[in-house]
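Visitor: Got a structure for you, questions after.
There are 2 protein chains.
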Amino acid sequence: MTESQSGGLSQPAVTLSTAQKTVQVALGARSYDILIGTGLIDGAGKAIAALGDGMRVAVITDETVARLHLDPLMAGLADAGIAAVSLVLPAGEKTKSFEALMQVVDHVLAARLERGDAVVALGGGVIGDLSGFAAGIVRRGMRFIQVPTSLLAQVDSSVGGKTGINTSHGKNLVGVFHQPDLVIADTKVLDTLSDREFRAGYAEVAKYGLIDRPDFFAWLEANWRGIFSGGPERAEAIAVSCRAKAEVVAADEREAGRRALLNLGHTFGHALEAATQYDGQRLVHGEGVAIGMVLAHEFSSHMNLASRDDAARVQRHLAEVGLPTRLGDIAGALPPTDVLLDHIAQDKKVRRGALTFILTHGIGQAFIADDVPGAEVHRFLEERRSP
Amino acid sequence: MTESQSGGLSQPAVTLSTAQKTVQVALGARSYDILIGTGLIDGAGKAIAALGDGMRVAVITDETVARLHLDPLMAGLADAGIAAVSLVLPAGEKTKSFEALMQVVDHVLAARLERGDAVVALGGGVIGDLSGFAAGIVRRGMRFIQVPTSLLAQVDSSVGGKTGINTSHGKNLVGVFHQPDLVIADTKVLDTLSDREFRAGYAEVAKYGLIDRPDFFAWLEANWRGIFSGGPERAEAIAVSCRAKAEVVAADEREAGRRALLNLGHTFGHALEAATQYDGQRLVHGEGVAIGMVLAHEFSSHMNLASRDDAARVQRHLAEVGLPTRLGDIAGALPPTDVLLDHIAQDKKVRRGALTFILTHGIGQAFIADDVPGAEVHRFLEERRSP
Chain A
1 MTESQSGGLS
11 QPAVTLSTAQ
21 KTVQVALGAR
31 SYDILIGTGL
41 IDGAGKAIAA
51 LGDGMRVAVI
61 TDETVARLHL
71 DPLMAGLADA
81 GIAAVSLVLP
91 AGEKTKSFEA
101 LMQVVDHVLA
111 ARLERGDAVV
121 ALGGGVIGDL
131 SGFAAGIVRR
141 GMRFIQVPTS
151 LLAQVDSSVG
161 GKTGINTSHG
171 KNLVGVFHQP
181 DLVIADTKVL
191 DTLSDREFRA
201 GYAEVAKYGL
211 IDRPDFFAWL
221 EANWRGIFSG
231 GPERAEAIAV
241 SCRAKAEVVA
251 ADEREAGRRA
261 LLNLGHTFGH
271 ALEAATQYDG
281 QRLVHGEGVA
291 IGMVLAHEFS
301 SHMNLASRDD
311 AARVQRHLAE
321 VGLPTRLGDI
331 AGALPPTDVL
341 LDHIAQDKKV
351 RRGALTFILT
361 HGIGQAFIAD
371 DVPGAEVHRF
381 LEERRSP
Chain B
1 MTESQSGGLS
11 QPAVTLSTAQ
21 KTVQVALGAR
31 SYDILIGTGL
41 IDGAGKAIAA
51 LGDGMRVAVI
61 TDETVARLHL
71 DPLMAGLADA
81 GIAAVSLVLP
91 AGEKTKSFEA
101 LMQVVDHVLA
111 ARLERGDAVV
121 ALGGGVIGDL
131 SGFAAGIVRR
141 GMRFIQVPTS
151 LLAQVDSSVG
161 GKTGINTSHG
171 KNLVGVFHQP
181 DLVIADTKVL
191 DTLSDREFRA
201 GYAEVAKYGL
211 IDRPDFFAWL
221 EANWRGIFSG
231 GPERAEAIAV
241 SCRAKAEVVA
251 ADEREAGRRA
261 LLNLGHTFGH
271 ALEAATQYDG
281 QRLVHGEGVA
291 IGMVLAHEFS
301 SHMNLASRDD
311 AARVQRHLAE
321 VGLPTRLGDI
331 AGALPPTDVL
341 LDHIAQDKKV
351 RRGALTFILT
361 HGIGQAFIAD
371 DVPGAEVHRF
381 LEERRSP
């Protein structure tokens with residue numbers, strides 16, 4: 001496919017093909033491949049076996065995913081001669097807890113897996129973040145394989161090595177950087193997602209366009225229906241997203257600088273998730289990011305950094321695919337703005353008390369803004385809340 | 001001081017001086033200093049302040065150490081303008097648990113410390129391993145400072161970045177590699193240790209001689225009394241030990257190869273600790289290592305790899321300083337040999353089911369032995385248990 005890395009090129013951002021795609025995350029000795037294609041779970045055992053002889057694995061998944069995809073994965077592992085155990089956890093964000101982490105760690109140790117063996121995450125972001133954290137701390141680091149089954153996980157959380165759990169102090173405040181050895185993204189399994197879940201993942205796809213790929217964003221505006229309906233656009237959009245993330249991760253594995261751009265929409269989004277007690281009925285992560293991205297563009301316009309038109313265009317596209325884009329789109333009451341700001345300040349992207357946001361000069365022109373005045377954010381949010 | 005890195009040199013292994021010593025652990029961007037000297041805790045605040053402006057810290061310690069050393073440390077931090085909170089945990093190996101980890105993490109998050117702030121471990125190996133683990137996972141890695149107050153921690157656990165906790169499956173099976181930013185080893189605080197605890201730490205000092213510094217081992221045989229009584233030999237022995245460990249860590253941070261030599265005596269030792277349920281009344285870590293080192297030398301002799309005389313010399317010296325050196329020196333009954341082997345096989349140094357031991361060709365000539373036959377180890381242990 002055609003690369004679409006620099007913003008203003010006139011050639012098409014994306015060309016279509018139906019073959020399996022491979023995106024490499026270049027991290028020296030820790031480089032790994034992301035395999036993207038239809039029906040890959042059936043052959044996952046073979047792909048995993050290729051990583052090393054005699055490997056054993058512990059598959060971690062949740063109840064929802066287990067019903068749909070665990071049997072074919074386990075069958076493929078058995079066919080490939082890989083000894084495997086599995087652990088099925090409750091579905092949902094509450095599973096990203098210390099308690100579940102202890103359960104996974106205990107399961108892996110009880111199976112006597114060694115450093116060269118692997119933890120396999122079969123599921124969405126919750127299972128991936130939790131299992132990756134466990135793989136990162138058992139024996140101070142075991143092999144780790146991601147088999148993401150949600151769009152969000154395929155384009156975002158399964159790539160880049162961030163792992164973690166939530167605590168009462170906030171989301172993802174505890175974790176490690178632990179890169180996977182392989183990511184297997186089966187685009188066919190996304191057909192089993194609810195519309196709402198698919199849309200939530202799409203917010204992260206759009207994000208890559210908004211950060212630094214304006215052509216990709218324009219392509220998404222024209223082609224999003226094919227992505228949602230499972231046309232060839234789906235694998236292409238996932239590959240472009242993975243490549244976008246892989247580039248940023250390769251340049252800045254530990255989030256010392258540029259990687260922070262991936263947090264576009266996330267500072268507001270995380271605060272909204274915290275403010276709704278991570279209640280997935282009210283708001284899921286990608287929805288928080290969608291609202292957060294609109295807020296980031298509108299706040300940038302409020303600060304005279306970007307045009308109102310770009311903010312409106314972002315809002316329009318995300319609303320068109322069915323994502324929430326306004327604070328008022330969240331069911332139920334939100335806490336006072338002071339409490340929202342408090343959640344923002346606890347967000348781990350804080351540096352020495354100053355508020356750091358990802359702001360933008362327009363679509364595809366995001367940048368890291370340090371020392372954003374809290375009072376301005378407060379005023380801006382108050383405005384957004386009045387009817 | 002004179003380096004004593006290669007085995008058979010004829011110059012003295014160690015020369016004495018009373019000044020503060022600095023040993024650097026060379027790890028590129030993550031390099032750090034170990035400060036060694038008398039009364040350093042009083043000035044620790046100043047040394048920590050030198051790491052960066054506006055840093056805040058959470059001091060983690062235990063009840064025993066808090067009574068003796070927390071006040072001067074906190075006073076020094078306050079004098080240096082460093083905002084600090086502290087958490088005092090129960091003393092003892094049981095504190096290396098998931099529950100205590102959660103407590104430390106919660107304490108650090110509740111204080112709203114950021115990535116550039118630091119967790120300070122004031123205590124022995126338990127507090128250091130636990131606090132370092134917490135520092136490694138809060139916000140996916142915060143600054144970490146070790147103020148080790150036991151001999152064991154000063155010469156071993158505070159250097160090298162290994163952190164972790166125990167689980168029902170074994171010791172240190174869960175943790176991360178997380179290097180400290182500074183280690184402050186106050187040799188004066190060791191006067192507050194019990195004889196038993198000091199001796200246990202001494203086992204790790206002797207280990208550096210046994211691995212690859214035969215001159216240092218000979219110097220210890222002649223000078224150990226000065227180390228125990230607090231003479232200038234003490235700081236010298238600690239500096240040689242830290243330098244020995246720093247070299248190995250710099251060459252092999254993640255224990256892919258040579259670093260495994262530091263486990264001399266530890267495979268047997270950990271199995272004995274597990275077999276005695278980590279009951280510090282019966283066996284503390286350094287005592288397990290002492291017995292383990294004697295067993296490693298005797299097993300090497302049993303396998304015709306080393307002379308009986310060297311094994312006897314090791315046993316004689318460790319017994320002379322008052323360390324246990326025989327299985328029979330452990331109070332109470334040990335489980336059957338099969339169970340001991342089981343503990344050995346769960347030890348994390350296992351590779352693909354084969355038993356890996358650190359064996360030796362003689363004093364100062366340790367090496368990594370893969371594929372040690374379990375049946376030989378079983379026979380050897382059975383012999384050692386018969387009266």
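So the sequence lines, in the order shown, correspond to chains A and B. The first sequence begins at 1 in UniProt numbering and counts up one residue at a time. The second sequence begins at 1 in UniProt numbering and counts up one residue at a time. In this text, a Cβ means the ideal position worked out from N, Cα and C, and glycines have one as well.
#1: Taking only three categories from DSSP, how would you classify R258(B)?
#2: What in chain A is Cβ-close to M142(B), meaning under 9 Å?
#3: In the DSSP assignment, the alpha helix (DSSP H) including F217(A) goes from what residue to what residue?
#4: Which one or two residues does DSSP pair with R143(B) in a beta bridge?
#5: Taking only beta-carbon atoms, is M74(B) less than 8 Å away from chain A?
#6: Identify the residues that DSSP records as bridge partners of S86(A): which are they?
#7: Do we get a CB-CB distance below 8 Å when we pair L27(A) with the residues of chain B?
#8: What are the residues that DSSP puts in a beta bridge with G37(A)?
#9: Which whole-angstrom value describes the C-beta separation of Y278(A) and D181(A), a residue pair presumed to lie in contact below a C-beta threshold of 8 Å?
#10: So that I know if they touch, is there some Cβ in chain A lying closer than 8 Å to that of G136(B)?
#11: Taking C-beta to C-beta, are V104(A) and I60(A) nearer than 8 Å?
#12: Any beta carbon of chain B sitting closer than 8 Å to that of T167(A)?
#13: Out of curiosity, what's the CA-to-CA distance linking V147(B) and M55(B)?
#14: Can you tell me where the alpha helix (DSSP H) with I48(A) in it begins and where it stops?
#15: Consult DSSP for N304(B) and reduce its assignment to one of helix, strand or coil.
#16: Does S301(A) pass the burial test, meaning 16 or more other C-beta atoms within 10 Å, or should it be called exposed?
#17: Distance check for N304(A) and T360(A), CA to CA, integer angstroms please.
#18: At least one CB of chain D closer than 8 Å to the CB of R258(B): is that the case?
#19: Kindly indicate which three-state DSSP category P373(A) falls into: helix, strand or coil?
#20: Would you decide whether P373(A) is buried or exposed? Buried here means 16 or more other CB atoms lie within 10 Å of its CB.
#21: Over what stretch of residues does the beta strand (DSSP E) that includes T360(A) continue unbroken?
#22: Could you tell me whether the region 268-277 of chain A touches the region 220-240 of chain A, using the rule of 3 or more Cβ pairs below 8 Å?
#23: In chain A, what lies closer than 9 Å to G124(B) by C-beta?
#24: Alpha carbon to alpha carbon, what distance is there between S168(A) and P335(A)?
#25: Return the chain-ordered list of same chain residues with a C-beta closer than 8 Å to the C-beta of N165(A), the five sequence neighbours on each side being excluded.
#26: Taking only beta-carbon positions, decide if R139(A) is within less than 8 Å of chain B.
#27: What does the alpha-carbon distance come out to for the pair K348(A) and E114(B)?
#28: Hey, T276(A) and I358(A) are a contact pair by Cβ (cut 8 Å); roughly how many whole angstroms apart?
#29: Can you give the Cα-Cα distance for R326(A) and S157(A), rounded to whole angstroms?
#30: Under 8 Å Cβ to Cβ from G141(B), same chain only, skipping five residues before and after it: list those, please.
#31: May I have the straight-line CA-CA distance separating H378(B) from D371(B), to the nearest angstrom?
#32: When burial is assigned at 16 or more other CB atoms within 10 Å of the CB, is R234(A) buried or exposed?
#33: Once DSSP output is grouped into helix, strand and coil, what is the label at V284(A)?
#34: Taking DSSP as the reference, what is the three-state secondary structure of V176(A)?
#35: Based on the DSSP output, what are the partners of residue 398(B) in its beta bridges?
#36: What residues from chain A crowd round L109(B), counting only those whose CB sits closer than 7 Å?
Guide: Reading off the structure:
#1: In the second sequence, the residue the question calls residue 258(B) occupies position 258. It is helical.
#2: Residue numbering aside, residue 142(B) sits at position 142 when the second sequence is read from its first letter. Result: empty, since nearest Cβ-Cβ is about 10 Å, beyond 9 Å.
#3: Taking the first residue of the first sequence as position 1, residue 217(A) is located at position 217. Start and end: 214-229.
#4: The sequence position of residue 143(B) within the second sequence is 143, counting from 1. Bridge partners of R143(B): A118(B).
#5: For the purposes of this step, residue 74(B) is identified with residue 74 of the second sequence, where counting begins at 1. Chain A, which has no Cβ nearer than 8 Å to the Cβ of M74(B), makes this no.
#6: Position 86 of the first sequence, counted from the first residue, corresponds to residue 86(A). DSSP, once it has assigned bridges, lists V59(A) as partnering S86(A).
#7: Counting from 1 along the first sequence, the entry for residue 27(A) is found at position 27. No, its Cβ sits nowhere closer than 8 Å to a Cβ of chain B.
#8: As a position in the first sequence, residue 37(A) is number 37, starting the count at 1. Bridge partners of G37(A): D186(A).
#9: Counting from 1 along the first sequence, the entry for residue 278(A) is found at position 278. Counting from 1 along the first sequence, the entry for residue 181(A) is found at position 181. Not a contact, Cβ separation roughly 30 Å.
#10: What you label residue 136(B) is simply residue 136 of the second sequence in a count that begins at 1. True, the Cβ-Cβ gap to chain A drops below 8 Å.
#11: As a first step, residue 104(A) must be located in the first sequence, where it is residue number 104. As a first step, residue 60(A) must be located in the first sequence, where it is residue number 60. Yes, Cβ-Cβ distance for V104(A) and I60(A) is below 8 Å.
#12: The count along the first sequence starts at 1 and reaches residue 167(A) at position 167. True, the Cβ-Cβ gap to chain B drops below 8 Å.
#13: The residue labelled residue 147(B) in the question sits at position 147 within the second sequence. The residue labelled residue 55(B) in the question sits at position 55 within the second sequence. Cα to Cα, the separation comes out at about 17 Å.
#14: Start at 1 with the first residue of the first sequence, and residue 48(A) comes out as number 48. 44-49 is the extent of the alpha helix (DSSP H) around I48(A).
#15: In the second sequence, counting from the first residue as 1, residue 304(B) sits at position 304. Correct three-state label for N304(B): coil.
#16: Counted from its first residue, the first sequence places residue 301(A) at position 301. Buried: at least 16 other Cβ atoms inside 10 Å.
#17: Within the first sequence, the letter at position 360 stands for residue 360(A). Within the first sequence, the letter at position 304 stands for residue 304(A). In a straight line, the C-alpha of T360(A) is about 10 Å away from that of N304(A).
#18: Within the model displayed, chain D is absent; protein chains A and B are what it includes.
#19: Position 373 of the first sequence, counting from 1, holds the residue named residue 373(A). The answer is coil: DSSP assigns P373(A) none of H, G, I, E or B.
#20: For the purposes of this step, residue 373(A) is taken as the residue at position 373 of the first sequence. Classification of P373(A): exposed, given that the 10 Å Cβ count is below 16.
#21: In the first sequence, counting from the first residue as 1, residue 360(A) sits at position 360. Residues 355-360.
#22: no
#23: Working through the second sequence from its first residue, we reach residue 124(B) at position 124. The contacting residues do not exist; G124(B) stays about 20 Å from chain A at best.
#24: Here residue 335(A) corresponds to residue number 335 of the first sequence, with the count starting at 1. Here residue 168(A) corresponds to residue number 168 of the first sequence, with the count starting at 1. P335(A) and S168(A): Cα-Cα distance of roughly 16 Å.
#25: Position 165 of the first sequence, counting from 1, holds the residue named residue 165(A). Looking at the sequence provided, one finds Ile at residue 165(A) rather than Asn. Taken in chain order, the residues that qualify are K96, S97, F98, A100, L101, D129, L130, F133, N172, V174, G175.
#26: Counting from one through the first sequence, the residue named residue 139(A) turns up at place 139. R139(A) counts as touching chain B.
#27: What you label residue 348(A) is simply residue 348 of the first sequence in a count that begins at 1. What you label residue 114(B) is simply residue 114 of the second sequence in a count that begins at 1. Because K348(A) carries a pLDDT of 47, less than 50, the predicted location of this residue cannot be relied on, and the following value inherits that uncertainty. Approximately 7 Å between the Cα atoms of the pair.
#28: Here residue 276(A) corresponds to residue number 276 of the first sequence, with the count starting at 1. Here residue 358(A) corresponds to residue number 358 of the first sequence, with the count starting at 1. Not quite, the Cβ-Cβ distance comes to about 21 Å (not below 8 Å), so this is no contact.
#29: Position 326 of the first sequence holds residue 326(A). Position 157 of the first sequence holds residue 157(A). If you take the alpha carbons of R326(A) and S157(A), they lie about 24 Å apart.
#30: Start at 1 with the first residue of the second sequence, and residue 141(B) comes out as number 141. Around G141(B): R115, A135, H178.
#31: Position 378 of the second sequence, counted from the first residue, corresponds to residue 378(B). Position 371 of the second sequence, counted from the first residue, corresponds to residue 371(B). For H378(B) and D371(B), the distance between alpha carbons rounds to 14 Å.
#32: Here residue 234(A) is taken as the residue at index 234 of the first sequence, counted from 1. Per the 10 Å Cβ criterion, buried.
#33: As a first step, residue 284(A) is located in the first sequence; it is residue number 284 there, counting from the start. Here V284(A) sits in coil by DSSP.
#34: By one-based count along the first sequence, residue 176(A) stands at place 176. In the structure shown, V176(A) sits in coil (DSSP, three-state: anything other than H, G, I, E or B).
#35: Residue 398(B) lies beyond the residue range present for chain B, which begins at 1 and ends at 387; the question has no answer from this structure.
#36: Stepping through the second sequence from its first residue, residue 109(B) is reached at position 109. Residues of chain A passing the Cβ test: T167, H169, L173.
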